[in-house]
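Below: one structure, written as structure tokens.
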Amino acid sequence: MIRSELVQKIADENPHLYQRDVERIVSTFFDEIIAAMARGERVELRGFGAFSVKQRDARVGRNPRTGESVQVEEKHVPFFKTGKLLRDRLNDKA
Amino acid sequence: MSEKTLTRMDLSEAVFREVGLSRNESAQLVETVLQYMSDALVDGEQVKISSFGTFSVREKTARIGRNPKTGEEVPIHPRRVLTFRPSHLMKERVAAGNRS
Numbered sequence: 001m002i003r004s005e006l007v008q009k010i011a012d013e014n015p016h017l018y019q020r021d022v023e024r025i026v027s028t029f030f031d032e033i034i035a036a037m038a039r040g041e042r043v044e045l046r047g048f049g050a051f052s053v054k055q056r057d058a059r060v061g062r063n064p065r066t067g068e069s070v071q072v073e074e075k076h077v078p079f080f081k082t083g084k085l086l087r088d089r090l091n092d093k094a
Numbered sequence: 001m002s003e004k005t006l007t008r009m010d011l012s013e014a015v016f017r018e019v020g021l022s023r024n025e026s027a028q029l030v031e032t033v034l035q036y037m038s039d040a041l042v043d044g045e046q047v048k049i050s051s052f053g054t055f056s057v058r059e060k061t062a063r064i065g066r067n068p069k070t071g072e073e074v075p076i077h078p079r080r081v082l083t084f085r086p087s088h089l090m091k092e093r094v095a096a097g098n099r100s
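Protein chains in written order, with my numbering: chain A, 1 to 94; chain B, 1 to 100.
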């Protein structure tokens, strides 16, 4: 399923909404999650999962081609952990 | 790092502000988004949200695990796990926003 299919499904189920409103709803949903993580916040969606930000410490990396050492800065990366209900549903336990 | 945690409520509040539906309907729609994504994943489908990321279901085979406390061997049954691969946009925005 891709973004446009998700929008279409919701639009089909909600004929009283304009398609462009459904698009805005879906965009707002995903943009809000990214914005929260960009502020260093967690987003916890019970039953589905939680988005959080993990810190990767600075380290000395190596250019695999030349073998040269390079300093890699500390960075923050997005992380998702599946919620219990969804994990159980994936394994026919719910 | 901030301790703040957003929930469904914050997302439906954002939908309420952006789209101007009732609070109740906004909450319902947030639920619908999560429901459709979950259902697709449970059906084994990949969910690919452009400029957000991709959720995919992976099959894990059975293996012998070990209780790290007791050292006891325990069988781990074959199972399906969900993985999320963030988009470049998400990675960039998260990296930029948290730069010290």
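Heads up, the beta-carbon is just placed ideally off N, CA and C, and yes, glycines get one too.
(Q) Distance cutoff 8 Å, beta carbons only. Does residue 49(B) sit that close to anything in chain A? (A) Yes, contact with chain A.
Q | Identified DSSP bridge partners for residue 50(A) | A | Paired residue(s): 44(A), 81(A).
Q. Any beta-carbon of chain A closer than 8 Å to the one on residue 91(B)?
A. At least one chain A Cβ lies under 8 Å of residue 91(B).
Q) Quick one, are the C-beta atoms of residue 66(B) and residue 73(B) less than 8 Å apart? A) Remark: C-beta atoms of residue 66(B) and residue 73(B) approach each other more closely than 8 Å.
**Q.** Spatial distance of residue 27(A) from residue 15(B) (CA atoms)
**A.** For residue 27(A) and residue 15(B), the gap between their C-alpha atoms comes out near 9 Å.
Q | Closest residue to residue 20(A) among 4(A), 33(A), 34(A) (Cα-Cα distance) | A | Measuring from the Cα of residue 20(A), the nearest candidate turns out to be 4(A).
Q | Burial state of residue 7(A), where buried means 16 or more other Cβ atoms lie within 10 Å | A | By the neighbour-count definition (other C-beta atoms within 10 Å, threshold 16), residue 7(A) is a buried residue.
Q.
I'd like to know if residue 97(B) contacts chain A, where contact means its C-beta is closer than 8 Å to some C-beta of that chain.
A. Look at residue 97(B): its C-beta is under 8 Å from a C-beta on chain A.
Q) Which residue's Cα is closest to the Cα of residue 58(A): 69(A), 47(A), 75(A)? A) The shortest C-alpha separation from residue 58(A) is found at 75(A).
Q: From the DSSP output, in three-state form, read off residue 68(A) for me.
A: Looking at residue 68(A) - three-state DSSP - the assignment turns out to be coil, as it is neither helix nor strand.
Q. Closest by CA to residue 90(A), which one among 93(B), 58(B), 10(B)?
A. Considering only alpha carbons, the answer is 58(B).
Q: For residue 53(B), collect the residues of the same chain with a Cβ closer than 7 Å to its Cβ; drop the 5 residues on either side in sequence, then sort them by chain order.
A: For residue 53(B), the CB contacts under 7 Å within the same chain, skipping 5 residues up- and downstream, are 84, 85, 86, 87, 90 in chain order.
Q | Residue nearest to residue 93(A) in terms of C-alpha spacing, selected from 95(B), 42(B), 56(B), 98(B) | A | Just measuring C-alpha positions, the residue of 95(B), 42(B), 56(B), 98(B) sitting nearest residue 93(A) is 42(B).
Q.
Please list, in chain order, the chain B residues whose beta carbon lies closer than 7 Å to that of residue 21(A).
A. Ordered by position in chain B, the residues that pass the 7 Å Cβ test against residue 21(A) are 19.
Q) Given a limit of 8 Å on CB to CB distance, which residues of the region 3–14 of chain B reach chain A? A) Of all residues in the region 3–14 of chain B, only 4, 5, 6, 7, 8, 10, 11, 14 come within less than 8 Å of chain A when Cβ atoms are compared, listed by chain position.
Q.
Against residue 30(B), what residues of chain A qualify as contacts under a CB-to-CB distance less than 7 Å, listed in chain order?
A. The contacting residues are 29.
Q: Output, in chain order, the set of chain A residues within a Cβ distance shorter than 7 Å of residue 40(B).
A: Residues of chain A passing the Cβ test: 1.
**Q.** Among 39(B), 61(B), 19(B), 94(B), the one whose alpha carbon lies nearest that of residue 23(A)
**A.** When C-alpha distances from residue 23(A) are compared across 39(B), 61(B), 19(B), 94(B), the shortest belongs to 19(B).
Q: Mind checking which residues open and close the alpha helix (DSSP H) that includes residue 60(B)?
A: Counting along the chain, residue 60(B) falls outside any alpha helix (DSSP H), though it belongs to the beta strand (DSSP E) covering 53–60.
Q | residue 73(B) - containing beta strand (DSSP E), residue span | A | For residue 73(B), the enclosing beta strand (DSSP E) begins and ends at 73–76.
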